[in-house]
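Input: a single structure, listed below in structure tokens.
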Amino acid sequence: MSVLLNRRRALAVAVALAVFGPSATAAEPSPESVVRELSDALLGAMRIEGDDAFVRRRERLEPIIRARFDLAFIAGAVLGRHAATLDESGRARFNTTFARLVVNTYAARFKGYSGHTIEVVDQRPMRAGRQLVRTRLAAPEDSGTTLDYLLQKSDGEWKIVNVVSGGVSDLSLRRAEYGAIIASDGFESLLEQLERQALAYEQG
Amino acid sequence: MRNRASGWNVVAIVGLVMALGGCASNPSDPNDPLEPLNRDFDALNNHLDRTILSPIATTYIETVPEGMRQGVSNFFDNLDEPHNLLNDLLQGKVGDAMTDAGRFVINSTIGVAGLFDVASDMGLERNDEDFGQTLGVWGVDEGAYLVLPGRGPSSTRDVWDIPVGLLTDPFTYADIGLVGLIPLNAMAVLDTRARLDSAIRIRNESALDPYIFTREAYRQRRIDQIYDGNPPDDAFDSLEKSSSNIFDSVNPYNVMAGI
């Protein structure tokens, strides 16, 4: 009897391991490793030069930006109270254009590698369960600039919701600009300007 | 209110503007009551920059080797050390004060009148303090945003650095006359403009409303400078604490204004 029970238990454990596998115990990427992964991609993009460098940088960066940034959340936070005045299709168009603009901006900006490094310099918890990871981007002989990331969990995964450089918050800056444009010229005008900006990066 | 422009100097300026008939009764931002006037000066500054300063700066950057341009920057940074030193002391930053005093002596002598920044190589890092930051550290509110014609962004608090800067400028006391002062100041302006060149290009590419972009970036940079690169949490996370209002942002200036 006891031999049968042991074998059954062993079988149950084996089945459980096969079904759930090692992923049951593996941790999803920590905020620090998300930032390190992005930083490596940014440095890799900076090294890309030559013809169609922008397109190749975008190819390198787009997957990781779309995966590791919570772009839908950021788009909502940027619109703030104006989000309530938009219908579903307006909101969808904004999210699409905004995501394209963010990707294009990173692909356009991170170029001109000359021995740059990105070091994680600090991290600390923020309110509402969010996490701050601070890095420094510097060329040799340069004091460099801070690149700080605010992350929060979305569906169990850590995602970036804000980037701050030299104390200037991307979210705050966009909120102020976009809010002013919506108030003075309306949402359609904002959307048009964002599309034009995204296109301008693509055309170089 | 902690986030409203405060101080008799603001009242005086706003009163003057209203008397001149140029005031908006409903500003878009409580910290920018002079927005219409500021936008006019900003337009003027951008025009002067596009037509005069930017072409000269571009030529300077393209023709003068980086080493020489760095020497020019070092020279002017060195002249700024007494200004840093005074503000370090006023803020109680004794360690920084000693560093800046050391920098001034070393760079002026071994560094050949400031052309070479040997002090940094010796581990004495440059600080960047001014009287606006000093007032901020003392708890003075940022005040009303100002765009100064011919200078750019400032505020009713930060303008007070202009007279303090003159007081601590070694050349205020040197007897070189206008023949010396004019080219020296012209060179200082060119050096500053060249250093800002890539930031201005990025601004022109990224900003949908360059006026607001510059205003917000300026105000946030100032807070970062006052806290020497370690601002309070609201600089990074201005999202509401409660998840029900997650798309509403805390106004970071409300919390940080009191400093």
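Read top to bottom, the protein sequences are chains S and C.
If you read the first sequence in my numbering, its first letter stands for residue 1, the second for the next number, and so on.
If you read the second sequence in my numbering, its first letter stands for residue 1001, the second for the next number, and so on.
Glycine included, every Cβ here is placed at the ideal spot set by N, Cα and C.
Original post:
Got a sec: is the Cβ-Cβ distance from M126/S to anything in chain C below 8 Å?
Top reply: yes
**OP:** State the Cα-Cα distance for the pair G1123/C and D1080/C, rounded to the nearest angstrom.
**Re:** 19 Å
Original post:
Can you tell which of E49/S, P31/S, V55/S and E119/S has its C-alpha closest to the C-alpha of N104/S?
Top reply: V55/S
Subject >> Straight-line gap, D1169/C to E1129/C (C-alpha atoms, nearest Å) >> reply: 14 Å
Original post:
Who are the Cβ neighbours of R1222/C in its own chain at under 8 Å, not counting the five residues just before and after it?
Top reply: G1132, Q1133, G1136, E1142, S1155 and D1158
Original post:
Which residues mark the beginning and the end of the beta strand (DSSP E) in which T1172/C is found?
Top reply: First-last for T1172/C: P1170 to Y1173, but that is the alpha helix (DSSP H), not the beta strand (DSSP E).
Original post:
What's the call for W1138/C, buried or exposed, on a 16-neighbour Cβ count within 10 Å?
Top reply: exposed
Subject >> Host beta strand (DSSP E) of P1030/C (start-end) >> reply: No beta strand (DSSP E) holds P1030/C; DSSP gives it neither H nor E.
Original post:
Mind listing which residues of the region 124-148 of chain S have their C-beta closer than 7 Å to chain C's C-betas, in chain order?
Top reply: M126, R127, A128, R130, L132, T146 and D148
Original post:
If we call anything under 8 Å between Cβ atoms a contact, is K159/S one with D70/S?
Top reply: yes
Subject >> Where T135/S falls: helix, strand or coil (DSSP) >> reply: strand
Subject >> Exposure of I74/S, with buried meaning 16 or more beta-carbon neighbours within 10 Å >> reply: buried
Original post:
Under 8 Å between C-beta atoms, does V34/S make it to chain A?
Top reply: Judged by its chain identifiers, the structure shown contains no chain A, and its protein chains are S and C.
Subject >> Nearest residue (CA-CA) to D1224/C, options T145/S, F187/S and L191/S >> reply: T145/S
Subject >> Min CB distance A92/S to chain C below 8 Å >> reply: no
Original post:
How would you list, in chain order, the residues of chain C whose beta-carbon sits under 9 Å from the beta-carbon of A99/S?
Top reply: Result: empty, since nearest Cβ-Cβ is about 16 Å, beyond 9 Å.
**OP:** Count the other CB atoms, across all protein chains shown, that sit within 10 Å of the CB of P1183/C; report buried if there are 16 or more and exposed otherwise.
**Re:** exposed
**OP:** Report all residues from its chain with a CB closer than 7 Å to the CB of Q123/S; omit the five preceding and five following residues, and keep chain order.
**Re:** P31, E32, Q131, L132, V133 and R134
Original post:
How about G167/S and P1082/C: do their beta carbons lie closer than 8 Å?
Top reply: no
**OP:** Quick one: give me the first and last residue of the alpha helix (DSSP H) that R100/S is part of.
**Re:** E88 to R109
Original post:
If we count Cβ pairs, one from each stretch, closer than 8 Å, do we get three or more for the region 169-186 of chain S versus the region 1210-1222 of chain C?
Top reply: yes
Original post:
Comparing alpha-carbon positions, which option in V102/S, P140/S, V121/S and R93/S lies nearest E114/S?
Top reply: Sequence inspection shows Ser at residue 114/S; the Glu mentioned does not correspond to that position. That would be P140/S, whose Cα lies nearest to the Cα of S114/S.
**OP:** Within 10 angstroms of the Cβ of N1185/C, are there 16 or more other Cβ atoms? Answer buried if so, exposed if not.
**Re:** exposed
Subject >> Any 3 or more C-beta pairs closer than 8 Å across the region 147-163 of chain S and the region 1194-1210 of chain C >> reply: no
**OP:** Give the straight-line distance between the Cα atoms of G1071/C and E188/S, rounded to the nearest whole angstrom.
**Re:** 49 Å
Subject >> Residue ranges of each alpha helix (DSSP H) within the region 1126-1202 of chain C, 4 or longer >> reply: 1131-1137, 1161-1168, 1170-1173 and 1177-1195
Original post:
Just the Cα atoms here: how many angstroms apart are D1121/C and L1037/C?
Top reply: 45 Å
Original post:
How should V1094/C be labelled, buried or exposed, when 16 other C-beta atoms within 10 angstroms of its C-beta is the threshold for buried?
Top reply: exposed
Original post:
In angstroms, rounded to a whole number, what distance separates the CA positions of E1205/C and A200/S?
Top reply: 9 Å
**OP:** Please name the residues in the region 1165-1179 of chain C whose beta-carbon is closer than 8 Å to at least one beta-carbon of chain S, in chain order.
**Re:** none
Subject >> Interface residues of the region 152-175 of chain S facing chain C [CB-CB below 8 Å] >> reply: V161, N162, V164, G166, G167, V168, S169, L171, S172, L173 and R175
**OP:** For the alpha helix (DSSP H) holding D1049/C, just list the boundary residues, first then last.
**Re:** First-last for D1049/C: undefined, no H or E at that position.
Subject >> Environment of A1113/C [buried if 16+ CB atoms lie within 10 Å] >> reply: exposed
**OP:** Tell me, to the nearest whole angstrom, how far the beta carbon of V1147/C is from that of F1041/C; I am working on the premise that it is less than 8 Å.
**Re:** 4 Å
Subject >> Buried/exposed call for D219/S, threshold 16 Cβ in 10 Å >> reply: Residue 219/S cannot be examined here, being either before or after the span of chain S that is shown, 1 to 204.
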